[in-house]
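Residue numbers (my numbering): 129 to 300.
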């Protein structure tokens with residue numbers, strides 16, 4: 129059985145394990161949060177792990193504040209200007225003010241998520257926000273830019289400005 133500490137170390141290397149109980153992931157993130165100074169954080173690998181599996185991790189951990197603390201410590205950072213970005217969010221998460229971390233400069237990408245994957249449970253909502261540079265934890269990596277063409281920015285949802293609803297989409 130994989131311990132939370134071993135899972136935390138794997139996360140720090142950018143390794144994702146699917147068959148781990150939700151509680152183990154939460155405890156692993158708590159470990160990374162508490163011990164980040166003493167862990168070898170492979171920021172580029174963690175960034176790719178988050179780009180590919182962030183939604184799964186968010187559903188397992190169910191603690192956006194904890195996730196945000198870890199991402200602030202583990203992401204590679206951003207050196208650039210603030211941007212206008214878009215997100216396709218679940219209506220139920222938007223209603224709870226639990227806006228996600230991943231945003232795109234491409235409205236068509238956000239619309240695809242608002243109509244599709246993020247609309248499955250409750251319908252979707254297309255959002256636009258001004259994202260100051262200090263709110264961006266990481267810019268697009270190779271996976272999101274070249275393979276997926278989403279150009280995903282990982283952002284601190286607490287620091288977004290002027291969030292605007294552009295459109296609601298029904299549950300498919």
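No residue lacks a Cβ here, since even glycine has one placed at the ideal position from N, Cα and C. In this text, all values refer to a predicted model and were calculated from it rather than measured experimentally.
Where residue i sits in the DSSP three-state scheme
i           : result
residue 242 : helix
residue 212 : strand
residue 297 : strand
residue 205 : strand
residue 315 : Since the first residue shown for the chain is 129 and the last is 300, residue 315 is missing from the structure and cannot be characterised.
residue 158 : helix
residue 149 : coil
Assigned exposure category for residue i - 16 Cβ within 10 Å defines buried
i           : result
residue 159 : buried
residue 295 : exposed
residue 188 : buried
residue 219 : buried
residue 225 : exposed
residue 212 : exposed
residue 215 : buried
residue 277 : exposed
residue 265 : buried
residue 255 : buried
Spatial neighbours of residue i in its chain, beta-carbon cut-off 7 Å, leaving aside the 5 residues before and after
i           : result
residue 261 : 206, 208, 209 and 210
residue 171 : 202, 203 and 204
residue 179 : 269, 271, 272 and 280
residue 176 : 142, 269 and 271
residue 263 : 283, 284, 287 and 288
residue 148 : 130 and 135
residue 251 : 219, 296, 297, 298 and 299
Beta-carbon separation (whole angstroms), residue i vs residue j, contact threshold 8 Å
i           : j           : result
residue 199 : residue 229 : 7 Å
residue 253 : residue 293 : 6 Å
residue 227 : residue 217 : 6 Å
residue 153 : residue 185 : 6 Å
Own chain partners of residue i with C-beta closer than 8 Å, once the 5 adjacent residues on each side are dropped
i           : result
residue 133 : 156 and 159
residue 300 : 243, 244, 247 and 248
residue 140 : 160, 167, 168, 169, 170, 174 and 202
residue 233 : 211, 212, 213, 214, 279 and 281
Other residues of its chain near residue i: CB distance less than 6 Å, five sequence neighbours each side excluded
i           : result
residue 150 : 188
residue 223 : none
residue 231 : 213, 215, 281 and 283
Quiz prompt | Uninterrupted beta strand (DSSP E) stretches inside the segment 246-295 (no shorter than 3 residues) | solution = Counting only runs of 3 or more, we get 252-259, 264-266 and 281-283.
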